[in-house]
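Note sheet for the following structure.
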Amino acid sequence: MVSKRAFLCSLGSIYLSLLFVFLLMDVYARPANNSALKEKAAAAAAAADGSKDENEILPPDHLNGVKMEMDGHLNKEFHQEVFLGKEMEEFEEDSEPRRNRRKLMVIFSKVDINRDRKVSAKEMQRWIMEKTEEHFQEAVEENKMHFRAVDPDGDGHVSWDEYKIKFLASKGMNEKEVAEKIKNNEELKIDEETQEVLDNLKDRWYQADNPPADLLLNEEEFLSFLHPEHSRGMLKFMVKEIVRDLDQDGDKKLTLSEFISLPVGTVENQQAQDIDDDWVKDRKKEFEEVIDADHDGIVTMEELEEYMDPMNEYNALNEAKQMIAVADENQNHHLELEEVLKYSEYFTGSKLMDYARNVHEEF
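Taking the UniProt record's numbering, the leading residue of the sequence shown gets 1, the next gets one more, and so forth.
Here it is as structure tokens:
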């Protein structure tokens, strides 16, 4: 005789399958969330009005879909970025858990291209590459807006002096006065910190300036300046800068001790100490298991470059396997829907509270 618990579990499984179908239908029937589009439209309008935002012209520290930040810190949101793509904004911390569960079920159905109700490493690899490409295209579209902000005469090229004027204006200096002084080769009174930033930016500007070197950047070169992940040459330059900042003995390679020496902050209490300890543990694991490809205890520039290349298919496959391993509770090297829902915070940054209890309550 079948036990009551087994009977309920069986019914619960059947219900979950039916719920999946109905929720998919419900999500597709709902209007799209336009908040992200509204924000982009507002930003574009601001640019058209000629307003200057420092973030429009400064290379961002955070690059979506890239494993490491420009300052050498690990990208904590990488898993979510390559799983959600441009839909990442849809999964907000205060979003209704049931609605996020529906959206996650829709995503699962898209990743599962052979419709066998489980996701393989190859399927996840394909999905990661697609989502990374989405981030690339988003950067291209944003770059068009940012380029217009620093190309006031609309001639399709931006000189270093034009960019320098806009940058200093974003720092609070009078744009007309700065332009006049630069035109007349007069000295600008710039504080030491701002001058250091300018010097670093000029180095990047030179690197993004493809032959013939004329210190004029077109829209494509400006994209490389803001987003080095779009250019192999700029990716090399970004890696070189990161290694320079971490390399203590000047051999242009990184040991584990060098890689985990980047300070997080001043430890003032036990909580801060725990944060620092977790930071070191995360970097140690990433160094030993992922970045150091040949496991010789040394990370070369070439290894770091391959690690940071967002369009590296081999990296995407490794990432897919790691993502599956995190939630693969039945150890079948695939992801089922229940596993993805249970580990939703890892994949989306959104925690679906009491998932199992909710399913039984709905049942």
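Beta carbons are placed, not taken as given, at the ideal position from N, Cα and C, and that holds for glycine.
Where residue i and residue j are concerned, what is the direct C-alpha to C-alpha distance, given to the nearest angstrom?
| i | j | result |
| --- | --- | --- |
| Ser-350 | Met-238 | 31 Å |
| Met-234 | Asn-330 | 42 Å |
| Ile-57 | Ile-291 | 31 Å |
| Pro-60 | Met-308 | 16 Å |
| Glu-306 | Pro-228 | 14 Å |
| Pro-310 | Gly-65 | 6 Å |
| Met-68 | Leu-216 | 29 Å |
| Tyr-343 | Arg-244 | 37 Å |
| Met-25 | Glu-286 | Unreliable positioning characterises Met-25 in this predicted model, as indicated by a pLDDT of 45, which lies under 50. A coordinate reading is not provided. |
| Glu-193 | Ala-325 | 45 Å |
| Glu-186 | Glu-220 | 31 Å |
| His-333 | Lys-122 | 11 Å |
| Asn-143 | Asp-116 | 40 Å |
| Val-340 | Glu-89 | 19 Å |
| Asn-184 | Lys-240 | 35 Å |
| Met-105 | Glu-133 | 22 Å |
| His-295 | Lys-176 | 55 Å |
| Lys-236 | Val-280 | 25 Å |
| Asp-203 | Ala-293 | 30 Å |
| Glu-352 | Asn-210 | The identity of residue 352 in the sequence shown is Leu, whereas the question assumes Glu. Going by the C-alpha atoms only, they are around 48 Å apart. |
| Asp-278 | Ala-327 | 21 Å |
| Pro-212 | Glu-288 | 41 Å |
| Gln-195 | Leu-201 | 10 Å |
| Ser-120 | Ser-231 | 30 Å |
| Gln-322 | Gln-248 | 31 Å |
Exposed or buried, residue i, counting other C-beta atoms within 10 Å across all chains shown (16 or more means buried)?
| i | result |
| --- | --- |
| Ala-32 | For Ala-32, the predicted structure reports a pLDDT of 38, less than 50, and the residue's modelled location is therefore unreliable. A value from the coordinates is still provided. By the 10 Å Cβ count, Ala-32 comes out exposed. |
| His-146 | buried |
| Ser-261 | exposed |
| Gly-156 | exposed |
| Ile-107 | buried |
| Asn-100 | buried |
| Arg-283 | buried |
| Asn-114 | exposed |
| Ser-257 | exposed |
| Lys-103 | buried |
| Glu-162 | buried |
| Ser-51 | Reliability fails at Ser-51, whose pLDDT of 41 lies under 50, so the model's placement of it is uncertain and the value that follows must be treated cautiously. Exposed. |
| Ala-29 | At Ala-29 the pLDDT is 41, less than 50, meaning the model places this residue with poor confidence; the figure from the coordinates comes in the next sentence. Flag for Ala-29 reads exposed. |
| Glu-345 | exposed |
| Glu-81 | buried |
| Asp-112 | buried |
When the Cα of residue i is compared with those of the options, which residue comes out closest?
| i | options | result |
| --- | --- | --- |
| Ser-109 | Tyr-314, Tyr-346, Glu-338 | Glu-338 |
| Leu-226 | Gln-207, Trp-127, Lys-342, Ala-121 | Gln-207 |
| Leu-223 | Arg-148, Leu-246, Thr-255 | Arg-148 |
| Asp-199 | Asn-332, Pro-152, Leu-168, His-135 | Leu-168 |
| Leu-246 | His-62, Met-70, Leu-63 | Met-70 |
| Leu-63 | Trp-127, Val-111, Phe-136 | Phe-136 |
| Asp-153 | Asp-209, Met-173, Asn-218 | Asn-218 |
| Asp-191 | Ala-327, Glu-288, Asn-210, Met-173 | Met-173 |
| His-73 | Asp-276, Ala-327, Lys-321 | Asp-276 |
Less than 8 Å between the CB atoms is what I'm expecting for residue i and residue j, so what's the real figure, rounded?
| i | j | result |
| --- | --- | --- |
| Ile-182 | Lys-164 | 7 Å |
| Lys-131 | Phe-83 | 7 Å |
| Met-129 | Glu-313 | 7 Å |
| Phe-347 | His-79 | 7 Å |
| Glu-138 | Lys-76 | Incorrect: roughly 19 Å between the Cβ atoms, too far for contact. |
| Asp-151 | Val-140 | Incorrect: roughly 16 Å between the Cβ atoms, too far for contact. |
| Lys-171 | Glu-336 | Not quite, the Cβ-Cβ distance comes to about 52 Å (not below 8 Å), so this is no contact. |
| Trp-127 | Trp-160 | Between Trp-160 and Trp-127 the Cβ distance is about 40 Å, and since that is not below 8 Å, they are no contact. |
| Leu-188 | Val-178 | 7 Å |
Does residue i come within less than 9 Å of chain C when only Cβ atoms are used?
| i | result |
| --- | --- |
| Tyr-314 | Looking at the structure shown, chain C is missing, and only one protein chain is on hand. |
Quick check: the stretch 308 to 327 against the stretch 95 to 106, are there 3 or more CB pairs under 8 Å?
Contact between the stretch 308 to 327 and the stretch 95 to 106 is absent, because fewer than three Cβ pairs lie under 8 Å.
Quick one: any contact between the stretch 295 to 304 and the stretch 245 to 259, if contact means 3 or more CB pairs under 8 Å?
Enough Cβ pairs lie closer than 8 Å, so yes.
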